[in-house]
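Position 4, counted from 1, in the sequence shown is what UniProt numbering calls 4; the numbers after and before it change by one each time, with no gaps.
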Amino acid sequence: MEGLSEEAELYRFYFKNGKPYHAEKGLELFTIDSGKYAFNTKGEMQTGKKVVNLEDGNVANFYFDEEGVMKTGKQVIFDEDLGETQNWYFHTDGSRKGQGFHGIKDNVLYVYGLRQEADKDLRFAPVELNGNQYLVNSNGAVQKATSSSKSNAMPELGSGYKDFMDENDKVWTVNTEGVIQSQNTAQ
């Protein structure tokens, strides 16, 4: 069909009552044979990581396999633009099923589905989530203090704080939730 896609591109179309499934704008989700699929305004089925329009007017990250089926849970996705593999997590059930998870799950911090990680060379990095700065390591794990630990950099805080030093001698003091209390340079 003229104007639908570039030469050598392959798209799948699904029809219902002689009309293709298609988005009114951007990308939208449709249920076909109990699977969720995304289509654009031309009716082209989508694959890969996509930003989809939600019924409430918001948008969210989703991931669709090579057959176009929406995926959930942990997914390892190669980002061609960055040339790197990324770790993602998508809701597995409920009204947000398939959407990129935004928050902390199993002590790992995700922003709209993408696991936040420190550069391996630095070991630790601050990440903003819902107005708080958290400290994560190179595997995305939130670094936390125990209720009995004490900060050497800020002893006045008392119990429930811990220091972490990165490769640049920055000392990050966090609380039991992993929220950064201060950042200093080691003396």
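For every residue, glycine included, the Cβ atom is placed at its ideal position computed from N, Cα and C.
Residue i, DSSP secondary structure in three states
i    : result
G100 : strand
K170 : strand
G73  : strand
G94  : helix
N128 : Note on identity: in this sequence residue 128 is Glu, with Asn being the wrong assignment. DSSP places E128 in strand when its eight states are reduced to three.
F15  : strand
E156 : helix
N137 : strand
W44  : Reading the sequence as shown, one finds Glu at residue 44 and not Trp. DSSP places E44 in coil when its eight states are reduced to three.
A38  : strand
D163 : strand
R115 : strand
T185 : strand
N175 : strand
K105 : strand
Y21  : coil
6 Å Cβ shell around residue i - same chain, five flanking residues per side excluded
i    : result
V171 : A153, D163, M165, N184, A186
N149 : Checking the sequence shown, residue 149 turns out to be Ser, not Asn. Cβ within range, chain order: K162.
Q99  : A60, H91
Counterpart residues of residue i in DSSP-defined beta bridges
i    : result
E84  : D79
A60  : V52
L29  : A38
K150 : S159
Y110 : G103, R115
Same chain, Cβ closer than 7 Å to residue i, five either side skipped, listed in chain order
i    : result
G178 : Y134, L135, V142, Q143, K144
F101 : Y89, F90, H91, Y110, G113
E66  : T47
T72  : F90, H91, T92, K97, G98
K105 : Y89
Cβ-Cβ separation, residue j to residue i (assumed contact under 8 Å), whole Å
i    : j    : result
F13  : G43  : 5 Å
N53  : E28  : 6 Å
K16  : T41  : The pair is not a contact, with the Cβ atoms about 16 Å apart (cut-off 8 Å).
R115 : G140 : 4 Å
K74  : N87  : 7 Å
L129 : G160 : At roughly 20 Å, the Cβ-Cβ gap does not stay under 8 Å, so L129 and G160 are not in contact.
Residues near residue i by beta carbon distance below 8 Å, same chain, minus five either side
i   : result
T85 : V76, I77, F78, D79
E2  : Summary for E2: the model assigns pLDDT 48, below 50, so the residue's position carries little reliability; its value from the coordinates is reported in the next sentence. Answer for E2: no residue qualifies.
Residue i at chain D interface by Cβ criterion, 8 Å
i    : result
G160 : In the structure shown, chain D does not exist; there is a single protein chain.
**Q.** Inter-stretch contact (C-beta, 8 Å, three-pair minimum) for the segment 71-82 and the segment 18-34
**A.** no
Q. If you pair each beta-carbon of the segment 90-98 with each one of the segment 120-132, do three or more pairs fall below 8 Å?
A. Counting Cβ pairs under 8 Å, fewer than three are found: no touch.
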